[in-house]
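K.L.:
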Amino acid sequence: MSLTADALDMLSEAQSGAAITRVAVHDGFDAAGEAWRHLEHTGLLTPYQHRSFVETWWREIGCQQGIDPLIAVGHGPQDEPAFLWPLGWRRRGALAIAEPLGGKHANFHFGPWSDAALGAGRPALEAALVKLHRAAPQIDVLTLSNQAVEWRGRRNPFALLAGALPSPSDAYRVRLDADPEAYLRRVLSHDARKQVRAKTRKFESMPGFRVTRAEGYAETTMLLDAFLSQKAAQFAQMGVPDPFAAPGTRAFLDTLTDTSLDLYGLHVDGAPIAVFGGIGDGRRFSGMFMSYSACCHARLTPGYVLTAHVVADLCRRGYESFDLGVGEARYKTHFCNETESLVDVVIPLSITGRLYAIADREARRAKRAVKRSPLLWNALAKIRRLRAI
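If you count the sequence shown from 1, you need to add 16 to reach this note's numbering.
(1) My understanding is that His-350 touches Leu-204, with C-beta atoms under 8 Å, so please give their C-beta distance in whole angstroms.
(2) Which one or two residues does DSSP pair with Tyr-188 in a beta bridge?
(3) Per the DSSP calculation, Met-306 is bridged to which residue(s)?
(4) By how many angstroms is the C-alpha of Leu-358 removed from the C-alpha of Ala-30?
(5) Leaving aside the five residues before and after Ser-307 along the sequence, list all residues of the same chain whose C-beta is less than 6 Å from its C-beta, in chain order.
(6) If you draw a straight line from the C-alpha of Val-165 to the C-alpha of Ala-152, how long is it?
(7) Can you tell me which of Gln-211, Asp-84, Arg-299 and Thr-58 puts its alpha carbon nearest to the alpha carbon of Leu-322?
(8) Are Lys-383 and Pro-184 touching if we call contact CB-CB under 8 Å?
(9) Report the three-state DSSP secondary structure of Phe-333 (helix, strand or coil).
(10) Spatial neighbours of Pro-77 within its chain, please: CB distance less than 6 Å, with the 5 preceding and 5 following residues excluded, ordered by chain position.
(11) For Leu-272, which residues in the same chain have their Cβ closer than 6 Å to its Cβ, ignoring the five residues on either side in sequence?
(12) When DSSP labels each residue in this structure, what does Asp-46 get in the three-state scheme?
(13) Using a Cβ-Cβ cutoff of less than 7 Å, which residues in the same chain neighbour Arg-107 once the five nearest sequence positions on both sides are dropped?
(14) Can you list, in chain order, the stretches of the beta strand (DSSP E) that have 3 or more residues and sit fully within the region 99-142?
(15) Report buried or exposed for Asp-25, applying the criterion of at least 16 other Cβ atoms within 10 angstroms of its Cβ.
(16) Taking only the alpha-carbon atoms, compute the straight-line gap between Asp-84 and Arg-333 and give it to the nearest angstrom.
(17) For the beta strand (DSSP E) containing Ala-198, name the first residue and the last one.
(18) On the three-pair Cβ rule with 8 Å, is the region 141-161 touching the region 108-115?
(19) Over the uninterrupted beta strand (DSSP E) stretch that includes Val-157, give me the two end residues.
(20) Look at Cys-352 and Tyr-188 and say whether their C-beta atoms are less than 8 Å apart.
(21) Assuming Ala-133 contacts Gly-90 (C-beta within less than 8 Å), just tell me the rounded distance between them.
(22) Can you say whether Arg-381 is buried or exposed, counting buried as having 16 or more other CB atoms within 10 angstroms of its CB?
(23) Could you give the C-beta distance for His-125 and Gln-65, rounded to a whole number, given that I count them as a contact under 8 Å?
(24) Who are the Cβ neighbours of Ala-373 in its own chain at under 8 Å, not counting the five residues just before and after it?
(25) Mark His-206 as exposed unless 16 or more other C-beta atoms lie within 10 angstroms of its C-beta, in which case mark it buried.
(26) From the DSSP output, which residues share a beta bridge with Thr-228?
(27) Would you mind working out which of Ser-276, Asp-360 and Ala-324 sits nearest Leu-282, comparing C-alpha positions?
(28) Given this structure, state the Cα-to-Cα distance separating Leu-340 from Asn-123, to the nearest angstrom.
(29) Counting along the chain, where does the alpha helix (DSSP H) carrying Asp-84 start and finish?
(30) With burial defined as no fewer than 16 other Cβ atoms inside 10 Å of the residue's Cβ, what is the status of Ala-98: buried or exposed?
(31) Excluding the 5 residues flanking Ala-328 on each side, which residues of the same chain have their C-beta closer than 7 Å to its C-beta?
(32) Just the Cα atoms here: how many angstroms apart are Glu-96 and Leu-181?
(33) Evaluate Tyr-280 with the Cβ neighbour count: other Cβ atoms within 10 Å of its Cβ, from every protein chain shown; 16 or more gives buried, anything less gives exposed.
(34) My output table needs one value for Arg-346: the three-state DSSP class, helix, strand or coil.
(35) Exposed or buried, what is Glu-356 when buried is set at 16 or more other beta-carbons lying within 10 Å of its beta-carbon?
Here is the structure:
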């Protein structure tokens with residue numbers, strides 16, 4: 017049985033009680049500014065969906081990639097903001113694809129959603145998607161990667177859709193305690209705590225050892241310089257492209273330090289040998305990146321030691337939870353004892369989009385299979401290293 021857009025719209029609204037009465041699409045940020053401010057204060061979202069992050073990324077990176085903003089705002093029965101989807105779109109050949117703004121710098125996506133929209137159910141979301149297609153008929157497909165299945169205990173409406181697939185990689189999170197020692201005892205094993213303390217003591221015996229959270233332009237610039245240099249060397253050794261070398265990335269990070277990006281550094285002999293960066297909203301702090309120098313101190317795993325200091329600082333600052341982003345790494349499971357489940361959702365809005373969605377889903381399944389197989393993943397990593405020689 018097939019349904020026309022009108023029939024699907026009528027059916028969905030009847031089932032959902034018209035929870036979303038209209039969807040407005042904006043091609044700029046200011047037009048959606050009032051709704052964005054409202055939902056940032058009253059709704060649910062990750063730090064990556066705050067306007068300061070999204071707009072900065074688009075201005076410095078996305079715009080150069082030919083991405084046009086497509087900010088979709090759903091409104092409820094009283095015309096109040098119900099959700100805001102910060103999307104961007106561009107053409108790939110004959111296909112018009114819309115996806116969340118933020119690129120790979122946004123570890124995951126959720127909202128912003130109002131409380132009412134979160135409870136409206138799948139029919140309301142389906143009706144909203146029909147309204148979105150009417151407001152932006154040029155779009156063939158929505159590709160929504162790394163959607164957090166839940167955030168602060170609330171289910172992501174996109175995760176309820178039939179086409180939602182588990183993302184190739186999960187993220188890692190942990191609940192924090194006000195007392196850093198209580199967190200360390202609860203999450204880290206006895207051996208891991210002993211290792212952190214022993215390595216910290218060795219660093220403390222070195223000239224110029226200190227751990228800092230950047231304050232001011234000079235320190236921020238020094239840590240960003242060190243991070244970009246260290247990360248470039250790491251990616252070159254791994255044989256994979258450096259995403260931080262993309263045009264506009266330095267300007268993006270520079271600007272973000274003025275609003276939401278915290279930078280931490282572990283220093284020895286007056287130079288940072290490990291750098292950690294992340295963003296927070298006062299309750300959840302999300303690690304964006306970490307780097308370390310391949311110097312004579314590498315055997316003491318400065319990145320690992322720095323992460324322990326970062327988490328301790330977040331406990332003292334009153335943060336409730338912490339994550340280390342998407343992707344597999346052994347150190348993440350040391351500091352984070354919970355898995356953040358993610359899904360990828362591909363939503364076709366046209367016949368062309370439907371064909372693309374079929375191929376895209378199969379590609380995502382294959383990518384997940386490779387990442388979840390130690391044998392295949394290690395073989396791929398070895399090939400990349402050989403190509404880098």
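The C-beta atom is built at its ideal place from N, Cα and C for all residues, glycine as well.
P.N.:
Reading off the structure:
(1) 6 Å
(2) Thr-355
(3) Phe-292
(4) Residue confidence for Ala-30 is low, a pLDDT of 44 falling below 50, so the modelled location carries little weight; the figure read from the coordinates is stated next. Distance between the alpha carbons of Ala-30 and Leu-358 is about 30 Å.
(5) Phe-243, Gln-246, Lys-247 and Val-291
(6) 26 Å
(7) Gln-211
(8) yes
(9) The amino acid occupying residue 333 in the given sequence is Arg; Phe does not appear at that position. Three-state DSSP puts Arg-333 in coil, outside helix and strand.
(10) The sequence given here places Ile at residue 77; Pro does not occur at that position. Excluding sequence neighbours, Ile-77 sits near Gly-264 and Phe-268.
(11) Thr-72
(12) helix
(13) none
(14) 111-116
(15) Because the pLDDT at Asp-25 is just 46, under 50, the model does not fix this residue reliably, and the value given afterwards should be weighed accordingly. By the neighbour-count rule (16 or more Cβ atoms within 10 Å), Asp-25 is buried.
(16) 37 Å
(17) Here Ala-198 belongs to no beta strand (DSSP E); instead the alpha helix (DSSP H) covers 196-203.
(18) yes
(19) 157-164
(20) yes
(21) 7 Å
(22) exposed
(23) 7 Å
(24) Val-157, Gly-179, Val-362, Ile-363 and Pro-364
(25) exposed
(26) Gly-281
(27) Ala-324
(28) 9 Å
(29) It is not in any alpha helix (DSSP H) - Asp-84 instead sits in the beta strand (DSSP E) that spans 84-91.
(30) buried
(31) Pro-196
(32) 31 Å
(33) buried
(34) helix
(35) buried
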